[in-house]
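Residue numbers (this note's numbering), protein chains in the order written: chain A, 542 to 859; chain B, 314 to 568. Where is the CB? At the ideal position from N, CA and C, for every residue including glycine. Right, one structure below, let's go through it.
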Amino acid sequence: MRLWMLIILGIILSIISLFIGAIDISISDLLDLDSDKLQIFLVSRVPRLLAIILAGAGMSIAGLIMQSLSRNKFVSPTTAGTLDAAKLGIMVSMLFLTNVTYTQQVIFSFAFALAGTFIFMQILDRIKFKDVIFVPLIGIMYGNILSSITTFLGYEADLLQNVSSWLMGSFTLIIAGRYELLYVSIPAVILAYLYANKFTVAGMGEDFAKNLGLSYKFILNIGLVLVAIISTSVVLTVGVIPFLGLIVPNIVSLYMGDNLRKTIPHTMALGVVFLLICDIIGRVIVHPYEIPVNVTVAVIGSAIFLIMLFRGRAYAKK
Amino acid sequence: MINIKDLSKRYGKKNVVEKVSLTIQPGTITSFIGPNGAGKSTLLSMVSRLLEADTGEVLLDQNNVKKWKSDEFAKRVSILKQSNFMNVRLTVRELVSFGRYPYSKGRLTDIDEKHVDQAIDYMNLHDMEDQFIDELSGGQKQRAFIAMVIAQDTDYILLDEPLNNLDMKHSVQIMKILRKLVDELGKTVVIVLHDINFASVYSDRIVALKDGKLVKNGPTSEIINSASLREIYDMDIPVQVQNGCRICVYFNSHG
Numbered sequence: 542m543r544l545w546m547l548i549i550l551g552i553i554l555s556i557i558s559l560f561i562g563a564i565d566i567s568i569s570d571l572l573d574l575d576s577d578k579l580q581i582f583l584v585s586r587v588p589r590l591l592a593i594i595l596a597g598a599g600m601s602i603a604g605l606i607m608q609s610l611s612r613n614k615f616v617s618p619t620t621a622g623t624l625d626a627a628k629l630g631i632m633v634s635m636l637f638l639t640n641v642t643y644t645q646q647v648i649f650s651f652a653f654a655l656a657g658t659f660i661f662m663q664i665l666d667r668i669k670f671k672d673v674i675f676v677p678l679i680g681i682m683y684g685n686i687l688s689s690i691t692t693f694l695g696y697e698a699d700l701l702q703n704v705s706s707w708l709m710g711s712f713t714l715i716i717a718g719r720y721e722l723l724y725v726s727i728p729a730v731i732l733a734y735l736y737a738n739k740f741t742v743a744g745m746g747e748d749f750a751k752n753l754g755l756s757y758k759f760i761l762n763i764g765l766v767l768v769a770i771i772s773t774s775v776v777l778t779v780g781v782i783p784f785l786g787l788i789v790p791n792i793v794s795l796y797m798g799d800n801l802r803k804t805i806p807h808t809m810a811l812g813v814v815f816l817l818i819c820d821i822i823g824r825v826i827v828h829p830y831e832i833p834v835n836v837t838v839a840v841i842g843s844a845i846f847l848i849m850l851f852r853g854r855a856y857a858k859k
Numbered sequence: 314m315i316n317i318k319d320l321s322k323r324y325g326k327k328n329v330v331e332k333v334s335l336t337i338q339p340g341t342i343t344s345f346i347g348p349n350g351a352g353k354s355t356l357l358s359m360v361s362r363l364l365e366a367d368t369g370e371v372l373l374d375q376n377n378v379k380k381w382k383s384d385e386f387a388k389r390v391s392i393l394k395q396s397n398f399m400n401v402r403l404t405v406r407e408l409v410s411f412g413r414y415p416y417s418k419g420r421l422t423d424i425d426e427k428h429v430d431q432a433i434d435y436m437n438l439h440d441m442e443d444q445f446i447d448e449l450s451g452g453q454k455q456r457a458f459i460a461m462v463i464a465q466d467t468d469y470i471l472l473d474e475p476l477n478n479l480d481m482k483h484s485v486q487i488m489k490i491l492r493k494l495v496d497e498l499g500k501t502v503v504i505v506l507h508d509i510n511f512a513s514v515y516s517d518r519i520v521a522l523k524d525g526k527l528v529k530n531g532p533t534s535e536i537i538n539s540a541s542l543r544e545i546y547d548m549d550i551p552v553q554v555q556n557g558c559r560i561c562v563y564f565n566s567h568g
């Protein structure tokens, strides 16, 4: 697959995304500067598209970085406790700070996501049996433990409804003013690209990185910070989108390999295309209502993931 | 010149390497041999800075290796550990290009590209330079990694059991290449080997370790004899000379 094909596909899907929804908007409506439809377009449709693009690109890159640094194809923010830790952070901020501000939530969530992922990497460092399936299973268990703490705290403090709203990844509520945090993933992705070669080298192992004169720990920490920034921004605005960071980098790896300098643009583009398709499906099949994007992603993603597991175990293991 | 002085490393209560001192002679192949658990790999890792020594020091050109800047050190000494579990999908050319990382930081100049081309030529990898390394056979993969080290263009090349999982043909092929690196390019190769016959036939010097201690250090001809081998391996091993090669016959059908 060529990058320009993905980009053209992305542009076509973006245009489709802009013009579907409960209210019909046509291009001629946009020329009428006073219309309500233009308002809907600018306040709802455009922010939604931007949110999809940022979340799709961001989560795919976060997954790619984690797979490279953990040297495991099946590790991603959803299978390493990152997103669960971010949620726990939001819960803790709501419990312990009275009149919690949005900024405080962001900081707590980020700190927890970072610490949570770091702890997972430490666990990974200590276990001897580094099977390609076993490692993400540990990550999922670990994430569930964090998640159950969040649920327990939420139950005790009567905040359970809030918890379930972060669980559900959805673009339905995205309007201007509620998605701008996602912009912090732009510098994170740019940094990921600048560090691409270093991540690739680190992905060959600590000894390999040291042999080439690179500080492995430093690269690892940069990677974890980037993953935490991206994950936090997505969880706080859109919610949890499963599978995205898992399958998109793996598909690109299959046809392009693991040289991050080369694969980052593809991974971003494919992530955006994939998420746009899932969101459009969710908006079309029960029109004028919507199915949240995490449901469509989970259905399509789990199917692809199963195919990857059965056909790709040999590939992931090599 | 690499000087190792009183180098020790403990894991828990066990002395893995104990007060080892030796000098690596430039322009030679030096083999580290000895029974399992003798501390060969640990010693190699400390020389290459992958592991920190508890006591003692390693000097590269009279300066402690700890004091060298990482990228300067990476231009002088390279180390290759067992690479068979590498599951990264890079093409051979991409892998070899990473050997230039200490020089170019990932932005290859024309000079870097030339080094990469030469390394690929040297290892006869032209036909497969665009193949992913995880699709190569064990011998091909090992050659690709050695090509990367050649591109890294260091005076010292340290290899930890490079013949692991290779069949005889590929093992011989790798050893011949290492010989060429020393004889033609003037490199210094230090290698951990399990099979003493590969050490005997292809190396100039042998360093023998046992229980973390240095037991023998000298030219190959002085080490490969029954008396020394008995000291190292606690086995009676007859040595036969064939075509000028000293072969250790450690198989014994009479129990």
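* Asked: Quick one: what's GLU370 of chain B bridged to in DSSP?
  -> Its beta-bridge partners are B:LYS318.
* Interface flag, ILE459 of chain B vs chain A, CB-CB below 9 Å -> With a threshold of 9 Å between beta carbons, ILE459 of chain B makes no contact with chain A.
* Look up LYS859 of chain A in the DSSP assignment and say whether it is helix, strand or coil. => Below a pLDDT of 50, predicted positions are generally treated as unreliable, and LYS859 of chain A, at 44, falls in that range; the measurement from the model is reported next regardless. In the structure shown, LYS859 of chain A falls within a coil segment according to DSSP collapsed to helix, strand and coil.
* Asked: If you compare alpha carbons, which of A:PRO829, A:PRO833, A:ILE681 and A:SER650 is closest to GLY511 of chain A?
  -> Nothing can be reported for residue 511 of chain A, as the shown portion of chain A is limited to 542 through 859.
* **Three-state class that DSSP yields for THR336 of chain B in the structure shown** => Judged by DSSP in its simplified three-state form, THR336 of chain B adopts strand.
* Is DSSP giving GLY744 of chain A helix, strand or coil here? -> Under the three-state reduction of DSSP, GLY744 of chain A is assigned to coil, being neither helix nor strand.
* Asked: Residues of chain A with CB under 8 Å from TYR414 of chain B, in chain order?
  -> For the C-beta of TYR414 of chain B, the chain A residues within less than 8 Å are, from N- to C-terminus, ASN738, VAL742, LEU753, GLY754 and LEU755.
* Between which two residues does the alpha helix (DSSP H) harbouring SER601 of chain A extend? -> Residues 587-611.
* For THR478 of chain B, which of helix, strand or coil comes out of DSSP? -> What sits at residue 478 of chain B in the sequence shown is Asn, not Thr. In the structure shown, ASN478 of chain B adopts coil according to DSSP, grouped into three states.
* Which residues in chain A sit within 7 Å of PHE411 of chain B, going by Cβ to Cβ distance? -> VAL742 and LEU753, listed in chain order.
* **DSSP three-state assignment for TYR696 of chain A, whether helix, strand or coil** => In this structure, TYR696 of chain A counts as helix in the three-state DSSP scheme.
* **Bridge-paired residues (DSSP) for LEU701 of chain A** => Note: LEU701 of chain A sits in no beta bridge, so no partner.
* To do: Taking 8 Å as the threshold, find out whether the region 383-398 of chain B comes into contact with the region 426-444 of chain B through three or more Cβ pairs.
  => The region 383-398 of chain B is not in contact with the region 426-444 of chain B.
* Checking contacts by CB at 9 Å: is TYR320 of chain B closer than that to chain A? -> Position check: residue 320 of chain B holds Leu in this sequence, whereas Tyr was assumed. No, no contact with chain A.
* If ARG586 of chain A sits next to GLY746 of chain A, beta carbons under 8 Å apart, how far is it from one beta carbon to the other, in whole angstroms? -> At roughly 46 Å, the Cβ-Cβ gap does not stay under 8 Å, so ARG586 of chain A and GLY746 of chain A are not in contact.
* Asked: By a C-beta neighbour count over all protein chains shown, 10 Å radius and 16 as the cutoff for buried, is ARG413 of chain B buried or exposed?
  -> ARG413 of chain B counts as buried, since at least 16 other C-beta atoms from the protein chains shown sit within 10 angstroms of its C-beta.
* Is there contact here, the region 512-530 of chain B with the region 337-344 of chain B, by at least three beta-carbon pairs under 8 Å? -> At 8 Å Cβ cutoff, the stretches touch.
* Through-space distance from THR623 of chain A to THR644 of chain A, alpha-carbon basis -> Straight-line Cα distance between these residues: approximately 19 Å.
* To do: Tell me whether GLY604 of chain A is buried or exposed, calling it buried when 16 or more other Cβ atoms sit within 10 Å of its Cβ.
  => It counts as buried.
* Asked: Any idea what DSSP makes of GLU331 of chain B, helix, strand or coil?
  -> If DSSP states are grouped into helix, strand and coil, GLU331 of chain B belongs with the strands.
* Asked: Can you tell me whether DSSP reads TYR414 of chain B as helix, strand or coil?
  -> Reduced to three states, the DSSP call for TYR414 of chain B is helix.
* **Three-state secondary structure (DSSP) of TYR469 of chain B** => Of the three classes helix, strand and coil, the one that applies to TYR469 of chain B here is strand, per DSSP.
* At a Cβ cut of 9 Å, what residues of the region 345-366 of chain B count as close to chain A, listed as they run along the chain? -> Here the close residues are SER358, SER361, ARG362 and LEU363.
* Leaving out five residues on either side along the sequence, give the residues of the same chain with a beta carbon under 8 Å from the beta carbon of LEU403 of chain B. => If the five residues before and after LEU403 of chain B are omitted, its C-beta is found closer than 8 Å to the C-beta atoms of PHE411, PHE445 and ILE446, all from its own chain and listed in chain order.
* For THR639 of chain A, which of helix, strand or coil comes out of DSSP? -> In the three-state DSSP reduction, THR639 of chain A falls in the coil class, being neither helix nor strand.
* To do: Helix, strand or coil for LYS500 of chain B, going by three-state DSSP, please let me know.
  => Of the three classes helix, strand and coil, the one that applies to LYS500 of chain B here is coil, per DSSP.
* Asked: Going straight from the alpha carbon of TRP381 of chain B to that of ARG667 of chain A, what length do you get?
  -> As the crow flies, the alpha-carbon of TRP381 of chain B is around 30 Å from that of ARG667 of chain A.
* Sort B:TYR469, B:ASP549 and B:GLU544 by Cα distance to THR336 of chain B and report the nearest one. => Comparing Cα positions, the closest option is B:TYR469.
* Which residue's Cα is closest to the Cα of VAL329 of chain B: B:THR355, B:LEU506 and B:PRO348? -> Of the candidates B:THR355, B:LEU506 and B:PRO348, the one whose C-alpha sits nearest the C-alpha of VAL329 of chain B is B:THR355.
* Would you please state the rounded distance, in angstroms, between the beta carbons of GLN555 of chain B and VAL562 of chain B? I believe it to be under 8 Å. => So it is not a contact: roughly 10 Å between Cβ atoms.
* Are the C-beta of PHE564 of chain B and some C-beta of chain A separated by less than 9 Å? -> Chain A, which has no Cβ nearer than 9 Å to the Cβ of PHE564 of chain B, makes this no.
* **Distance cut-off 8 Å: TYR696 of chain A Cβ against heavy atoms of the ligand ZN** => You won't find the ligand ZN in this model; it holds no ligand whatsoever.
* **As assigned by DSSP and simplified to three states, the class of ASN800 of chain A** => In the structure shown, ASN800 of chain A falls within a coil segment according to DSSP collapsed to helix, strand and coil.
* Where does PHE693 of chain A land, buried or exposed, given buried means 16+ other C-beta within 10 angstroms? -> Counting C-beta atoms within 10 angstroms of its own C-beta, PHE693 of chain A has fewer than 16 neighbours from the protein chains shown and is therefore classed as exposed.
* Leaving out five residues on either side along the sequence, give the residues of the same chain with a beta carbon under 7 Å from the beta carbon of LYS859 of chain A. => Per-residue confidence for LYS859 of chain A stands at a pLDDT of 44, beneath the threshold of 50, marking its modelled position as unreliable; no derived number is given.
* Asked: Going by other Cβ atoms of all chains shown within 10 Å of its Cβ, with 16 needed for buried, is ASP565 of chain A buried or exposed?
  -> In summary, ASP565 of chain A is exposed, with fewer than 16 beta-carbon neighbours lying within 10 Å of its beta-carbon over all protein chains present.
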